[in-house]
Amino acid sequence: SVTAYRIVDQEDDRWLAVIYVDPFPRETKQGGAWMDGIVSRARDEPDSRQVAVLVASMTPPVGGKDALLSHRDVETLFHEFGHILHHCLSRAALRSQAGTNVAWDFVELPSQIFENWCWEREALDLFARDHKGEAIPEDLFQAMKRARTFRAATAQMRQLGFATTDLALHTSFDPERDGDATAYARNLLQQHSPDPLPENHAMITSFSHLFSSPVGYAAGYYSYKWAEVLDADAFTRFKKEGLLDPKVGRAFRETILERGDEEDPAVLFRTFMGRDPELSALLERLGIAA
Ligand SMILES: [Zn+2]
8 SVTAYRIVDQ EDDRWLAVIY VDPFPRETKQ GGAWMDGIVS RARDEPDSRQ
58 VAVLVASMTP PVGGKDALLS HRDVETLFHE FGHILHHCLS RAALRSQAGT
108 NVAWDFVELP SQIFENWCWE REALDLFARD HKGEAIPEDL FQAMKRARTF
158 RAATAQMRQL GFATTDLALH TSFDPERDGD ATAYARNLLQ QHSPDPLPEN
208 HAMITSFSHL FSSPVGYAAG YYSYKWAEVL DADAFTRFKK EGLLDPKVGR
258 AFRETILERG DEEDPAVLFR TFMGRDPELS ALLERLGIAA
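What follows is the structure, encoded as structure tokens:
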């Protein structure tokens with residue numbers, strides 16, 4: 008079933024957007040979760056509204072009881088809802104610069120930052136309940152947090168290896184000079200691996216992100232990790248000033264979400280944080296800060 012929601016500005020009762028949420032699987036439905044902007048509104052079109060859809064295949068309700076979502080489902084929902092807000096709160100002058108039409112290495116900041124609230128009791132306890140109405144037990148919550156950083160350093164190095172290899176292949180690799188691309192990539196990946204890679208290691212040949220489409224992740228794979236740097240860092244302002252503080256929320260809305268691609272992402276980030284991005288928040292979140 009699809010439910011429509013209105014997004015209304017609390018301050019002046021302005022009706023900003025409509026979102027359609029289609030959360031559960033159907034036989035003919037593609038798996039995974041995504042959002043799409045259906046109608047984009049430019050700043051000088053006060054009478055039209057943004058429209059967006061959020062599509063997912065979450066655990067459906069059974070036996071007449073409410074659906075119980077996995078924690079991962081909740082993260083996905085928060086993530087996609089971040090993209091939805093980016094689209095729906097846009098005040099960019101041009102539709103082509105509105106909402107999620109931003110640089111590839113910035114588009115996941117508004118989505119990923121919302122995942123952080125899924126790891127905070129203050130936010131989770133507002134809605135996360137089992138069928139008896141009880142909140143997540145503290146020992147389970149602590150175990151979830153420990154599992155979150157399990158082998159985080161290895162995962163981090165793996166992603167850095169992929170991003171470095173992607174950039175090298177697309178910016179400095181020269182077949183005349185560097186020879187076999189598979190061996191070239193293996194050498195770079197080796198520098199990010201704790202164990203020796205086998206001689207016939209050829210991961211690069213199945214790394215479809217990099218080559219499967221002319222506008223795919225070519226030289227852009229790093230954007231996954233970069234978005235994590237940005238979202239972990241920007242979230243520290245909420246941690247400091249209040250996870251549910253309307254003032255910080257409004258600042259994030261006005262400096263990031265409303266601006267779309269009207270301004271350089273680096274400037275938008277600096278306007279919200281008052282400084283350039285810093286790495287420390289991500290390392291801390293991963294449990295690998297020095
Ligand atoms: Zn996303």
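Its first residue numbered 8, the sequence shown is counted upward by one per residue in the numbering used here. Even for Gly, the Cβ is constructed at its ideal location relative to N, Cα and C.
Where does the unbroken beta strand (DSSP E) through residue i begin, and where does it stop?
i: ALA11; result: 10 to 15
i: ILE45; result: 41 to 46
Are the CB atoms of residue i and residue j nearer to each other than 9 Å?
i: ASP173; j: TYR228; result: yes
i: ARG165; j: HIS216; result: no
i: THR243; j: THR212; result: no
i: VAL60; j: ILE14; result: no
i: GLU82; j: GLU122; result: yes
i: ILE295; j: PHE276; result: no
i: ALA63; j: GLY39; result: yes
i: LEU116; j: PRO272; result: yes
i: ARG260; j: LEU96; result: yes
i: ARG98; j: ARG21; result: no
i: ALA234; j: VAL114; result: yes
i: ILE120; j: MET42; result: no
i: ASP240; j: LEU167; result: no
i: LEU131; j: PHE148; result: yes
i: LEU290; j: ALA297; result: yes
i: THR66; j: SER55; result: no
i: ALA135; j: ILE143; result: yes
i: THR156; j: ALA226; result: no
i: ASP112; j: SER8; result: no
i: ASP16; j: LEU23; result: yes
i: LEU251; j: GLU141; result: no
i: ALA192; j: ALA175; result: yes
i: LEU75; j: ASP137; result: yes
i: HIS208; j: LEU195; result: no
Quick one: give me the first and last residue of the alpha helix (DSSP H) that residue i is part of.
i: ASP80; result: 78 to 95
i: PRO272; result: 272 to 280
i: PHE134; result: Unbroken run through PHE134: none, as it is neither H nor E.
i: GLN163; result: 159 to 178
i: ARG244; result: 230 to 248
i: ARG153; result: 145 to 155
i: ASN194; result: 188 to 197
i: LEU290; result: 287 to 292
i: VAL255; result: 253 to 259
i: HIS216; result: 215 to 218
i: GLU183; result: 182 to 185
i: GLN37; result: Per DSSP, GLN37 belongs to no alpha helix (DSSP H) and is neither H nor E.
i: SER118; result: 116 to 122
Taking residue i and residue j to be in contact with their CB atoms under 8 Å, please state how far apart those CB atoms are, rounded to whole angstroms.
i: SER1; j: GLY89; result: Beyond the ends of the chain as shown, which are 8 and 297, falls residue 1; an answer cannot be given.
i: LEU293; j: ALA170; result: Not a contact, Cβ separation roughly 16 Å.
i: HIS93; j: GLY106; result: 5 Å
i: ASP268; j: VAL58; result: Rounded, the Cβ-Cβ distance is 19 Å, inconsistent with contact.
i: GLU248; j: VAL255; result: 5 Å
i: PRO205; j: VAL236; result: Their Cβ separation, rounded to whole angstroms, is 32 Å, which puts PRO205 and VAL236 out of contact at 8 Å.
i: THR161; j: PRO201; result: 7 Å
i: LYS152; j: TRP126; result: 7 Å
Who pairs with residue i in a beta bridge, going by DSSP?
i: ASP29; result: VAL62
i: ALA24; result: ILE14, GLN57
At a cut-off of 8 Å, is residue i close to ligand 3 when judged by its beta-carbon and the heavy atoms of the ligand?
i: PHE148; result: Among the ligands modelled here, namely ligand 1, ligand 3 does not occur.
Got a list of residues with beta-carbon closer than 6 Å to any non-hydrogen atom of ligand 1, in chain order?
HIS86, HIS90, GLU115, SER118
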